[in-house]
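2 protein chains.
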Amino acid sequence: MPRPPNPEVRSRLIEKGAEIIHRLGFNGCGVQDITAAAGVPKGSFYNYFESKDAFAAAILDEYWRAIESNYVSILEDDFVSPLKRVERHFSELIEYHERQKFTFGCLIGNLALELAAQSSIARSKLKALLRTWTAALAKCLSAASEAGELPLAREPQDLAATLIEAFEGAVMVAKVEQSGRALRRFGTVALPRLLA
Amino acid sequence: MPRPPNPEVRSRLIEKGAEIIHRLGFNGCGVQDITAAAGVPKGSFYNYFESKDAFAAAILDEYWRAIESNYVSILEDDFVSPLKRVERHFSELIEYHERQKFTFGCLIGNLALELAAQSSIARSKLKALLRTWTAALAKCLSAASEAGELPLAREPQDLAATLIEAFEGAVMVAKVEQSGRALRRFGTVALPRLLA
Numbered sequence: 001m002p003r004p005p006n007p008e009v010r011s012r013l014i015e016k017g018a019e020i021i022h023r024l025g026f027n028g029c030g031v032q033d034i035t036a037a038a039g040v041p042k043g044s045f046y047n048y049f050e051s052k053d054a055f056a057a058a059i060l061d062e063y064w065r066a067i068e069s070n071y072v073s074i075l076e077d078d079f080v081s082p083l084k085r086v087e088r089h090f091s092e093l094i095e096y097h098e099r100q101k102f103t104f105g106c107l108i109g110n111l112a113l114e115l116a117a118q119s120s121i122a123r124s125k126l127k128a129l130l131r132t133w134t135a136a137l138a139k140c141l142s143a144a145s146e147a148g149e150l151p152l153a154r155e156p157q158d159l160a161a162t163l164i165e166a167f168e169g170a171v172m173v174a175k176v177e178q179s180g181r182a183l184r185r186f187g188t189v190a191l192p193r194l195l196a
Numbered sequence: 001m002p003r004p005p006n007p008e009v010r011s012r013l014i015e016k017g018a019e020i021i022h023r024l025g026f027n028g029c030g031v032q033d034i035t036a037a038a039g040v041p042k043g044s045f046y047n048y049f050e051s052k053d054a055f056a057a058a059i060l061d062e063y064w065r066a067i068e069s070n071y072v073s074i075l076e077d078d079f080v081s082p083l084k085r086v087e088r089h090f091s092e093l094i095e096y097h098e099r100q101k102f103t104f105g106c107l108i109g110n111l112a113l114e115l116a117a118q119s120s121i122a123r124s125k126l127k128a129l130l131r132t133w134t135a136a137l138a139k140c141l142s143a144a145s146e147a148g149e150l151p152l153a154r155e156p157q158d159l160a161a162t163l164i165e166a167f168e169g170a171v172m173v174a175k176v177e178q179s180g181r182a183l184r185r186f187g188t189v190a191l192p193r194l195l196a
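In order, the protein sequences belong to chains U and F. At the far end of the first sequence sits residue 196, using the UniProt record's numbering, and the numbering has no gaps. At the far end of the second sequence sits residue 196, using the UniProt record's numbering, and the numbering has no gaps.
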């Protein structure tokens, strides 16, 4: 008889699995690597997750929760002017990638390119997270326009999506170069020109 | 005694392998899938390639040759003004992704995020290709500045790298959305604002 699911085991699988998939890629590691990292028997994985694809969606949720509370929340900090919030949102994300030595990339970007063509569960999750991120950034850009910090003609939704795309592309190049050059360039070229 | 290598077999392995890896990812398929697609025995793979990593570098070279002759060459077309060449370079790349229904992404971007942290052979190759692409675009942007089509103050190298990063990010989002929206936005938002 299967033992009742243990939320602590589920959390550990997600935490360790996110780490390992962020480093090795989704297809670069197997369920066994994930359960070994979490210190649980291989068979127990499927007591918690229907499939490895469903697990990808779960680790994306977990990754997003961390991004949201550490970086997206900056966009809602009413003590700071909206434009400053946008700049800080990205500069703190750049510091996060610097702490990783620019080596692992963004889990959303990594899984977007690795899984979008193969896993509809992962693709839906990625689409939803990108939509949420874009909406949060667009809201702050709208506030910047209302505060007179941005030309009113800028369509905040398109501008937000463009900034995220430029940022994800810079994270990609930083990963290839193992250097912060591309991300510094995002801050000195892409961000000011797109916001001008 | 191993048979002498057959250049036709090598080409077929690269052609079929590039297709399959572009669709499934590097770790999403094995050497056996590649040899089966090329219709050659599994064991023969290693007569042509030292490792699967070395094969990744070979398919990137092949992909780049196609990109170069079909899209990068546009940047050198002296019959067209430099700025128009830049716009056409990207609009034709967008059409290429449209023909793929935005599903597979750019092989350079895909392997950048999948392999840069794991394979130094792939990472070096990706770095070199990005450098070549950036240099070709920067040269055309310089010509645009000299022709008075771009403000002289723009640093062509940084601008070229930023455009490529924004484009790769848009290809990523297009792959997640399976739609051309992000790439159209690259053409209507990122490109004109970065070139303004």
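Note that the Cβ used here is the ideal one computed from N, Cα and C, for glycine as well. Since we're looking at a predicted model, the values are computed, not measured.
When the options are compared against residue i, the one with the closest alpha-carbon
{"i": "U:R123", "options": "U:I108, U:A136 and U:L137", "result": "U:I108"}
{"i": "F:Q118", "options": "F:A38, F:A56, F:H22 and F:E15", "result": "F:A56"}
{"i": "U:L24", "options": "F:G28, F:R23 and F:H22", "result": "F:G28"}
{"i": "U:Y63", "options": "U:T35, U:T162 and U:W133", "result": "U:W133"}
{"i": "F:L191", "options": "F:K52, F:F26, F:L83 and F:A18", "result": "F:L83"}
{"i": "F:V71", "options": "F:I34, F:A136, F:V173 and F:T188", "result": "The residue you asked about is not Val; residue 71 of chain F is Tyr in the sequence shown. If we check each option's Cα against that of F:Y71, F:A136 comes out closest."}
{"i": "U:A161", "options": "F:P156, F:V171 and F:A161", "result": "F:V171"}
{"i": "F:K42", "options": "F:F102, F:V189, F:E19 and F:R10", "result": "F:R10"}
{"i": "F:S51", "options": "F:E95, F:S120 and F:L93", "result": "F:S120"}
{"i": "F:T103", "options": "F:E19, F:E15 and F:A144", "result": "F:E19"}
Classification of residue i by the beta-carbon crowding that lies within 10 angstroms, buried from 16 upward
{"i": "F:L13", "result": "buried"}
{"i": "U:E146", "result": "exposed"}
{"i": "F:N110", "result": "buried"}
{"i": "F:R65", "result": "exposed"}
{"i": "F:G30", "result": "exposed"}
{"i": "U:S142", "result": "buried"}
{"i": "U:T35", "result": "buried"}
{"i": "U:G17", "result": "buried"}
{"i": "F:L75", "result": "buried"}
Separation of residue j from residue i, as counted between CA atoms
{"i": "F:A58", "j": "U:A112", "result": "24 angstroms"}
{"i": "U:E8", "j": "F:A138", "result": "53 angstroms"}
{"i": "F:L129", "j": "U:D61", "result": "33 angstroms"}
{"i": "F:E165", "j": "U:E168", "result": "8 angstroms"}
{"i": "U:Q100", "j": "F:S91", "result": "35 angstroms"}
{"i": "F:C140", "j": "F:H89", "result": "11 angstroms"}
{"i": "U:V176", "j": "F:A116", "result": "5 angstroms"}
{"i": "U:D78", "j": "U:E87", "result": "14 angstroms"}
{"i": "F:R154", "j": "F:E98", "result": "31 angstroms"}
{"i": "U:M1", "j": "U:L126", "result": "With a pLDDT of 49 at U:M1, under the threshold of 50, the modelled position of that residue is not reliable, and no figure is offered here."}
{"i": "U:V80", "j": "U:G39", "result": "44 angstroms"}
{"i": "F:L150", "j": "F:I67", "result": "25 angstroms"}
{"i": "U:R181", "j": "U:I94", "result": "11 angstroms"}
{"i": "F:R85", "j": "F:R131", "result": "19 angstroms"}
{"i": "F:L183", "j": "F:C106", "result": "12 angstroms"}
{"i": "U:Q96", "j": "F:V173", "result": "Here the sequence assigns Tyr to residue 96 of chain U, which means Gln is not the residue at that position. For U:Y96 and F:V173, the distance between alpha carbons rounds to 22 angstroms."}
Partner residues on chain U for residue i, Cβ-Cβ distance less than 8 angstroms
{"i": "F:Q118", "result": "L24, G25 and G28"}
{"i": "residue 197 of chain F", "result": "A query on residue 197 of chain F cannot be resolved here, the shown segment of chain F reaching from 1 to 196 and no further."}
{"i": "F:R65", "result": "None at all; the shortest Cβ gap to chain U is about 19 angstroms."}
Chain F residues whose Cβ lies nearer than 7 angstroms to that of residue i
{"i": "U:G109", "result": "L113 and M172"}
{"i": "U:R123", "result": "V176"}
{"i": "U:L130", "result": "V173 and V176"}
Cβ distance (whole Å) where residue i is taken to contact residue j below 8 angstroms
{"i": "U:Y48", "j": "U:P4", "result": "Between U:P4 and U:Y48 the Cβ distance is about 11 angstroms, and since that is not below 8 angstroms, they are no contact."}
{"i": "U:F26", "j": "U:E114", "result": "5 angstroms"}
{"i": "U:D33", "j": "F:V189", "result": "Actually they are not in contact, since the Cβ atoms of U:D33 and F:V189 sit about 41 angstroms apart, beyond 8 angstroms."}
{"i": "U:R193", "j": "F:L194", "result": "5 angstroms"}
Beta-carbon neighbours of residue i, restricted to chain U and to distances below 9 angstroms
{"i": "F:D53", "result": "Residues of chain U passing the Cβ test: none, with the nearest at roughly 12 angstroms."}
{"i": "F:T162", "result": "A166, G169, A170, A182, R185, F186, V189, A190 and R193"}
Chain-ordered neighbours of residue i on chain U, where CB pairs are closer than 7 angstroms
{"i": "F:E177", "result": "K127"}
{"i": "F:F104", "result": "A117"}
{"i": "F:D158", "result": "R185 and V189"}
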